[in-house]
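Participant:
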Amino acid sequence: MYFENFGRPTPRKSRSKSNKHSTMQLIETSSSEPNSALIKGTIARTDPISGLPHLDELTHHLIAVATASLKFNSPDVVLAALIHDYFKPVFDFKNGKWYHFITDPDLYSQLLSEFDDSTNISNVANISQWHHKRKNCNEICQIENSELISTLETSVPFILPTQREYTVVHHLRVLGKYRMFILALLKEKLAKTLSEKYSERFQKILGVSRIRYEYRPVNSADTLEDAGRIIKENDWRIEVKDNMMVIPLPSRFHKDAFYFEYYEGTEVVLDVDTKAKAIRGVKVPFGKALSTVYLTGSQDAYLLYVDAGFGSLSLEYLLDDVLSDLKQSLSEKKRKNAFEYVDLDKVVKSLSSDLHSDELCALCGEPGEPIESHEKVSSILKAKFTDTWLLLTCGTSVCPVCKLGFEIEELFRGSGMNKHIVQEALLEDYHLIHSIPIFGKEHFMKSISSKIWLELLSEIYYSLHNSKELQKITKRKEWVVKFYLNPKVLFYPYVADLIPQVLTVALRHPKKKFVLQSGLHSNIVFPGSEKDLTPEEFSAMRRFYISHPSTGIHLLQKIRNVYSPVFGVPNVEIRKGGVSRARKRKG
C-alpha cells in the first residue's frame, strides 16, 4: 500500500475562550449531517509538506487529472488517472498517513474486467499505485505536481515562472463594461466548446463520452481490507452504460449513494429525490468543471482551462463562434447586416493588448481607431439615450472590443441579455462531522483546481431554480426552501455553509442599455433590478431562517419583493385570504 503524507498530527487545542468559539468544531458522530446539502462528496487531497487539506472535491480532482492525462493518448494512463485515488473515501489512516489503494491484483481484475480487451489491467494498477513516487515520476505524478493541482494560493499562480504543461492561458485586457461583457460571452462559449472537445477526447481514448462517479456506502469498513472484501463480495465493477463510464467509489461516511456525472452538455443538472427530499446527484459539464477566469484588479483577466492535448483554442475561433450564435438568435431582418464591419483580428489584438494606436478609446481608454462613416452603429433610441450614441459618432476613437460590445447591445436591446460570471462560493462555519486525527486544522490550501471547484458550487446553487422539482415552492413543497435559504456542502469529513457569488455584467432591462446601465456588480448573491443581495445579507437571512424555519416561504417571497432578483430565486406560491365561503357555510 502507498500513501499520502500529511505531515505532523494536529496538535491538541487549548481550552481558551478564543478556541471555544472556533469555526472548526469537532463533532464525533455524523448525527448532524444536513439534509439540505447540495452535494455530498469527499475532500480531495492534502499537501504533503504542510499537511493542510486542499479545498477540492475528490471526483473533481480525479476528472481534472484524468482530463490532463488525455495528452498522453494512452488508455492505460487515462483509466489509471480516473481511479488513482479510488480508496480515499474509506479514510484509512495509520500513523498520520492516508492509505488509499490496495495491491491485490484480483480486486483490480474484477473492477476493470470491462476493459480487459482494451487495456493492460496490470499496467493500469501499477500506474495508479506508484503515482506518489517522486523518483521516476509517472504520468499522474507529473500532473499532480503541476500548477493545475499543486499551486499554492496566490493571486495569479500561473503567471509565475513555471513550466506550463497541463493548462492553457489567455491574457485579456478587460477595462470597462463592454470588455467585461465580451469576456462573459467568451467564457460561456469556451465552456461549451471545451465540453464538446473533452467529450470527444474521452470517446477517442476510452470509448465513452461521460464519466459518472457513484459514492456507495461501505459504513462497516474501517480499513482498506474491509472495503476490498465488500467490493469483492458485492461484485463491484466499473461499467460502461449508454456511452457512460460508471465508477463506484467505496465511501465510509456516505449514508446514501450520491453521484457526480461529468458530461458533454452545457448546463449543471440536479437529480432530486422528492421522496427523500434530497439531491441524489449532479451532472456537471466538462467545460464548466475544467475552466475558469482569473480577474486581477480592474484591468486584466486570465482565461484558463485544462490542456487535454488538442492544443490552444484561439480567441478568434471562440469569438467567431460567439458572433455566429448571436446571429442565429436574431430576426432575419437584423441578421442580414449584423457584425458586417467587425474585424475579428483587430478585436483579438485589442483584447490581448497587441493593438497599437495614438488614439484612445472613448469608453475604456485602451488604444482605439476613429469610427468611419460606413462603420457607425445606428441606435434605435438615440433620441433618448444620447450619452453613448454621441460618443460613437463618425470620427470618435473607439477600440474594436467596445465597438463590438456596443453593437451587440444595440442588436439585443429589445429582448435584453442576462450575462454573468460565477465567482468562488464562500464557505462559512465549516467543521468536522467525523473524528479523524489528522484533520482539524483551520485553514485550507488552494490550487487552480480548487478555484474551479468553488465556482462550481456557485453554479450548482444557481441551477436550483432550473430544476423542475425545485423551481416552484408551495406549502406542500416547503421542504424545498432549505436548499435556497440554508444550502450546505458536504465534503467528508467536513460540512460547510455555502454562500454563492456571481459577477453580473449585463442585466435584462427592456429599453435600456443593458450593459452600460446595469453596471458591474461583483461578489453578490442575487442580482436585483433595483438592489442586489450581498453575501452579508444572505448570511443574516440564513441565521433568521434557521431560528424561524416556519417563515421560509414568506422569507423567499420577501426576497422576491424587495430585491426582484433577475435569476436564482424560485417561484413562490402563497395562498392569500382566509377560509373560503363554502368551507365557512359547511362549518
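Note that full-length UniProt numbering numbers the sequence shown so that position 86 is 86, with each residue one more than the last.
Glycine residues also receive a C-beta, built at the ideal position from the N, C-alpha and C atoms.
Quantities reported herein were computed from a predicted structural model and do not represent experimental measurements.
Buried or exposed: Arg-179, going by 16 or more other Cβ atoms within 10 Å of its Cβ?
Facilitator: buried
Participant: Sorted by chain position, which residues of the same chain lie with C-beta nearer than 7 Å to Ala-227's C-beta, five sequence neighbours on each side aside?
Facilitator: Phe-87, Val-90, Val-218, Ala-221, Pro-250
Participant: Is Leu-498 closer than 8 Å to Leu-38 when the C-beta atoms are compared?
Facilitator: yes
Participant: Quick check on this structure: which residue in Val-168, Lys-40, Ile-211 has the alpha carbon closest to the alpha carbon of Val-78?
Facilitator: Ile-211
Participant: Bridge partners for Lys-403 per DSSP, in chain order?
Facilitator: Paired residues: none, contrary to the question.
Participant: Let's see if you can read the secondary structure: which residues bound the alpha helix (DSSP H) around Ser-199?
Facilitator: Here the alpha helix (DSSP H) through Ser-199 covers 177 to 206.
Participant: Hey, Leu-456 and Val-284 are a contact pair by Cβ (cut 8 Å); roughly how many whole angstroms apart?
Facilitator: 6 Å
Participant: Taking contact to mean at least 3 C-beta pairs separated by less than 8 Å, is the segment 488 to 508 in contact with the segment 430 to 437?
Facilitator: Flag = yes, the segment 488 to 508 and the segment 430 to 437 touch.
Participant: For the segment 243 to 290, which segments carrying the alpha helix (DSSP H) assignment without a break, of at least 4 residues, lie completely within its bounds, in sequence order?
Facilitator: 286 to 289
Participant: Starting from Phe-526, follow its DSSP beta bridges and name the residues at the other end.
Facilitator: In the DSSP assignment, Phe-526 forms a beta bridge with Leu-533.
Participant: Would you identify the three-state DSSP class for Ser-214, choosing helix, strand or coil?
Facilitator: A small fix is needed here, since residue 214 is Glu in this sequence, not Ser. Three-state result, Glu-214: strand.
Participant: Given 8 Å as the limit, is there contact between the segment 457 to 476 and the segment 263 to 283, that is, 3 or more CB pairs closer than that?
Facilitator: yes
Participant: Provide the residue(s) that pair with Ala-506 in DSSP beta bridges, ordered along the chain.
Facilitator: Bridge partners of Ala-506: Lys-419.
Participant: Could you give the C-beta distance for Tyr-198 and Phe-286, rounded to a whole number, given that I count them as a contact under 8 Å?
Facilitator: Contact holds; Cβ gap of about 4 Å.
Participant: Given that a residue counts as buried once 16 or more other Cβ atoms are within 10 Å of its Cβ, and exposed if not, what is Gly-365?
Facilitator: exposed
Participant: As a quick exercise: from Ala-540, Pro-549, Gln-501, pick the residue whose alpha carbon is nearest that of Pro-527.
Facilitator: Gln-501
Participant: Could you spell out the range, first to last residue, of the alpha helix (DSSP H) harbouring Leu-79?
Facilitator: Segment 75 to 82, the alpha helix (DSSP H) holding Leu-79.
Participant: Check whether the segment 187 to 206 touches the segment 93 to 102, counting contact only when three or more Cβ pairs, one atom from each stretch, lie closer than 8 Å.
Facilitator: Verdict: no, contact absent.
Participant: So if DSSP puts Phe-93 in a beta bridge, which residue, or which two residues, is it bridged to?
Facilitator: Trp-98
Participant: Could you tell me which of Lys-177, Pro-248, Leu-175, Ile-182 sits nearest to Ile-83, measuring between CA atoms?
Facilitator: Pro-248
Participant: Do you know offhand how far Thr-534's Cα is from Tyr-461's?
Facilitator: 15 Å
Participant: Is there contact between the segment 473 to 485 and the segment 401 to 419, where contact requires at least three CB pairs shorter than 8 Å?
Facilitator: No: fewer than three Cβ pairs fall under 8 Å.
Participant: Who are Gly-41's beta bridge partners in DSSP?
Facilitator: Phe-491
Participant: From Ile-553, Lys-349, His-60, pick the residue whose C-alpha is nearest to that of Phe-260; which is it?
Facilitator: His-60
Participant: Where does the unbroken beta strand (DSSP E) through Tyr-302 begin, and where does it stop?
Facilitator: DSSP places Tyr-302 in the uninterrupted beta strand (DSSP E) bounded by 300 to 306.
Participant: Can you tell me whether Ser-36 is buried or exposed, with buried defined as 16 or more other CB within 10 angstroms of its CB?
Facilitator: Around the beta carbon of Ser-36, 16 or more other beta carbons lie within 10 angstroms, which makes this residue buried.
Participant: Do you know whose CA, among Val-169, Glu-264, Asp-117, lies nearest Phe-202's CA?
Facilitator: Glu-264
Participant: Find out if the Cβ-Cβ distance for the pair Ala-184, Ile-421 is shorter than 8 Å.
Facilitator: yes
Participant: If you follow the alpha helix (DSSP H) that Glu-233 is part of, which residue opens it and which one closes it?
Facilitator: 224 to 233
Participant: Would you mind stating whether Val-168 and Ser-324 have Cβ atoms separated by less than 8 Å?
Facilitator: no
Participant: Is Pro-565 helix, strand or coil when you go by DSSP?
Facilitator: strand
Participant: When DSSP labels each residue in this structure, what does Arg-560 get in the three-state scheme?
Facilitator: helix
Participant: Does the separation of the CB atoms of Ile-546 and Val-572 fall below 8 Å?
Facilitator: no
Participant: Mark Ser-177 as exposed unless 16 or more other C-beta atoms lie within 10 angstroms of its C-beta, in which case mark it buried.
Facilitator: In the sequence under discussion, the amino acid at residue 177 is Lys, which differs from the Ser named in the question. Its Cβ being crowded by 16 or more others within 10 Å, Lys-177 is buried.
Participant: Tell me the residue span of the beta strand (DSSP E) that contains His-171.
Facilitator: 167 to 173
Participant: Go to Val-240, then tell me how far its beta strand (DSSP E) extends in each direction, as first and last residue.
Facilitator: 239 to 241
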